[in-house]
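What follows is one structure encoded as structure tokens, with my remarks underneath.
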Amino acid sequence: MNNAGLSEQEMRSALGLDRPVQASSVPSQKRPRRYTLVVLSVRKKTGGLPFRLEYQCSSISKLKAQMEAEQLARKQNLNVWAVLDIRQIDE
Numbered sequence: 442m443n444n445a446g447l448s449e450q451e452m453r454s455a456l457g458l459d460r461p462v463q464a465s466s467v468p469s470q471k472r473p474r475r476y477t478l479v480v481l482s483v484r485k486k487t488g489g490l491p492f493r494l495e496y497q498c499s500s501i502s503k504l505k506a507q508m509e510a511e512q513l514a515r516k517q518n519l520n521v522w523a524v525l526d527i528r529q530i531d532e
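Below, the structure written as structure tokens:
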């Protein structure tokens with residue numbers, strides 16, 4: 442075996458080790474967006490018909506999401522009539 446005449450670079454190219462690493466052709470997947478959706482039935486403090494208020498919270502805690510939604514309703518001068526739905530959504 443006479444490899445004394447080959448340089449390290451020539452050996453690497455002969456073994457196929459000098460090729461640049463190419464990025465995989467698989468497209469990068471986006472992380473799923475997760476949030477908690479809270480649906481409240483609210484109405485104005487002066488009265489009137491109740492209507493839906495939907496609030497998206499980044500927290501995974503259902504209780505925390507409900508509390509944030511109720512605080513938002515109070516800031517908008519609305520009375521919380523009922524909690525219609527709380528669910529976690531993965532998009």
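Be aware that the sequence shown starts at 442, since it is given in our numbering, and climbs by one per residue. C-beta atoms are modelled at their ideal positions from N, C-alpha and C, and glycine is treated no differently.
- The Cβ atoms of Asp-531 and Arg-475 lie closer than 7 Å to each other.
- Counting along the chain, Gln-529 sits inside the beta strand (DSSP E) bounded by residues 519 to 531.
- Sequence-distant Cβ neighbours of Gln-529 in its own chain, meaning closer than 6 Å and more than five residues away, are Thr-477.
- In the DSSP assignment, Leu-478 falls within the unbroken beta strand (DSSP E) covering 475 to 485.
- One alpha carbon belongs to Gln-507, the other to Gly-489, and they sit about 23 Å apart.
- For Arg-493, no alpha helix (DSSP H) segment is defined; the enclosing uninterrupted segment is the beta strand (DSSP E) at 492 to 498.
- Here the C-alpha atom of Leu-458 lies approximately 26 Å from the C-alpha atom of Ser-469.
- Under the three-state reduction of DSSP output, Arg-472 falls in the coil class, being neither helix nor strand.
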